[in-house]
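There are 2 protein chains.
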Amino acid sequence: MFKPLDPLLHSELRLATISLLISVEEAEFPYIKEQTGATAGNLSVQIDKLSAAGYIEVEKTFKGRRPCTICRITSAGLRAFEDYVEALRSYLEVKS
Amino acid sequence: MFKPLDPLLHSELRLATISLLISVEEAEFPYIKEQTGATAGNLSVQIDKLSAAGYIEVEKTFKGRRPCTICRITSAGLRAFEDYVEALRSYLEVKS
DNA sequence: TAAATAAGTTTATTTTATAAACCAAATTAT
DNA sequence: ATAATTTGGTTTATAAAATAAACTTATTTA
Chain A
1 MFKPLDPLLH
11 SELRLATISL
21 LISVEEAEFP
31 YIKEQTGATA
41 GNLSVQIDKL
51 SAAGYIEVEK
61 TFKGRRPCTI
71 CRITSAGLRA
81 FEDYVEALRS
91 YLEVKS
Chain B
1 MFKPLDPLLH
11 SELRLATISL
21 LISVEEAEFP
31 YIKEQTGATA
41 GNLSVQIDKL
51 SAAGYIEVEK
61 TFKGRRPCTI
71 CRITSAGLRA
81 FEDYVEALRS
91 YLEVKS
């Protein structure tokens with residue numbers, strides 16, 4: 001009846017982050033922070049979790065001499081998102 | 001960009017419960033328990049929260065001499081669900 | 001050169017979800 | 001008849017999560 005919802009994606013900030021990364025090739029930490037309205041600490045933690053799950057890949061480089069964290073969605077992340085959306089349908093669709 | 005998600009509905013079991021109640025006029029505790037696969041304790045807690053928020057109304061009666069808890073969605077609950085679904089779209093839709 | 005800002009990370013706190021334990025009444029088995 | 005089990009829950013305790021607060025290091029700007 002109700003399909004289980006991947007707890008890694010069923011989180012407002014992580015879902016927003018993945019949603020963002022889907023349409024954007026790659027994104028830097030401050031951009032994600034700005035678009036989601038998250039605090040840096042919260043975002044840092046959630047990015048770590050998405051990364052640990054293999055849903056995104058994180059590249060830590062430098063821009064000049066400032067740190068620069070770049071995130072990209074992985075194919076596993078994309079698949080997980082699609083599965084999540086599919087599972088959500090079981091909750092949102094009107095039953096006859 | 002991303003609309004906030006009502007934390008009361010952004011919970012697997014509470015969302016399933018509301019989703020069920022939308023299509024069903026009313027439902028008894030054991031039925032919701034069976035359909036959602038929840039434990040009685042967990043369901044009891046989540047029903048209380050939905051009730052405290054005014055999203056459902058709970059009628060505690062008896063069936064013969066056994067307790068019988070009947071739940072119905074309220075108009076506030078229906079509206080909250082619709083708002084939640086609308087907010088979710090901002091996370092699920094493909095951005096140009 | 002002192003203060004403020006940027007870009008994060010780490011740690012602590014609060015909330016939440018969930019499960020475990022419990023209760024009362026009714027039913028079934030011995 | 002009474003002991004064990006099931007039904008229909010509630011209450012309390014525990015585990016996990018989200019979030020914020022504090023901190024670090026380097027860089028600008030006043």
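Heads up: the protein sequence lines correspond to chains A and B, in order. Mapping of the first sequence onto the working numbering: residues 1 to 96, in sequence order. Mapping of the second sequence onto the working numbering: residues 1 to 96, in sequence order. For every residue, glycine included, the Cβ atom is placed at its ideal position computed from N, Cα and C. None of these values were measured; they are calculated from a predicted model.
Do you know whose CA, among the options, lies nearest residue i's CA?
i	options	result
B/ASP6	B/VAL94, B/TYR55 and B/CYS71	B/TYR55
B/LEU78	A/CYS71, A/VAL94 and A/GLY64	A/VAL94
B/THR17	B/THR39, B/CYS68, B/LYS63 and B/SER90	B/THR39
B/GLU57	B/ARG66, B/GLY64, B/GLN46 and B/ARG65	B/GLN46
A/SER19	B/LYS3, B/SER19, B/THR74 and B/LEU21	B/LYS3
B/GLY37	A/CYS71, A/SER23, A/ALA80 and A/MET1	A/MET1
B/PHE81	A/SER75, A/LEU92, A/SER44 and A/ALA76	A/LEU92
A/SER75	A/SER11, A/GLU25 and A/SER90	A/GLU25
Among the residues of its own chain, which have a CB less than 6 Å from the CB of residue i, if the five just before and after it don't count?
i	result
A/LEU8	ALA53
B/SER51	VAL58
B/SER90	PHE2 and LYS3
Should residue i be flagged as near chain A, meaning a C-beta pair shorter than 8 Å?
i	result
B/ALA53	no
B/GLU12	yes
B/LEU8	no
B/LEU21	no
B/GLY31	A small correction: the amino acid at residue 31 of chain B is Tyr; Gly does not occupy that position in the sequence shown. By this cut-off, B/TYR31 is not an interface position.
B/THR39	no
B/PHE2	yes
Helix, strand or coil for residue i? Go by DSSP, reduced to three states.
i	result
B/ARG72	strand
A/ALA16	helix
B/LYS33	helix
Please work out which residues of its chain come closer than 8 Å, Cβ to Cβ, to residue i, disregarding the five sequence neighbours upstream and downstream, and give them in chain order.
i	result
A/CYS68	GLU28, PHE29, LYS60, THR61 and PHE62
A/LYS49	LEU8 and ARG14
Spatial neighbours of residue i within its chain, please: C-beta separation below 7 Å, excluding the five flanking residues on both sides.
i	result
A/LEU21	ALA27, ILE56, CYS71, ARG72 and ILE73
A/GLN35	LEU20
A/ASN42	LEU13
A/SER23	none
Does any C-beta atom of chain B lie closer than 8 Å to the C-beta of residue i?
i	result
A/SER5	Looking at the sequence itself, residue 5 of chain A is Leu, so the reference to Ser does not match. Yes - at least one Cβ of chain B is within 8 Å of the one on A/LEU5.
A/VAL58	no
Exercise. When the Cβ atoms of the segment 74-89 of chain A are set against those of the segment 25-42 of chain B, are three or more pairs found closer than 8 Å?
Worked result: no
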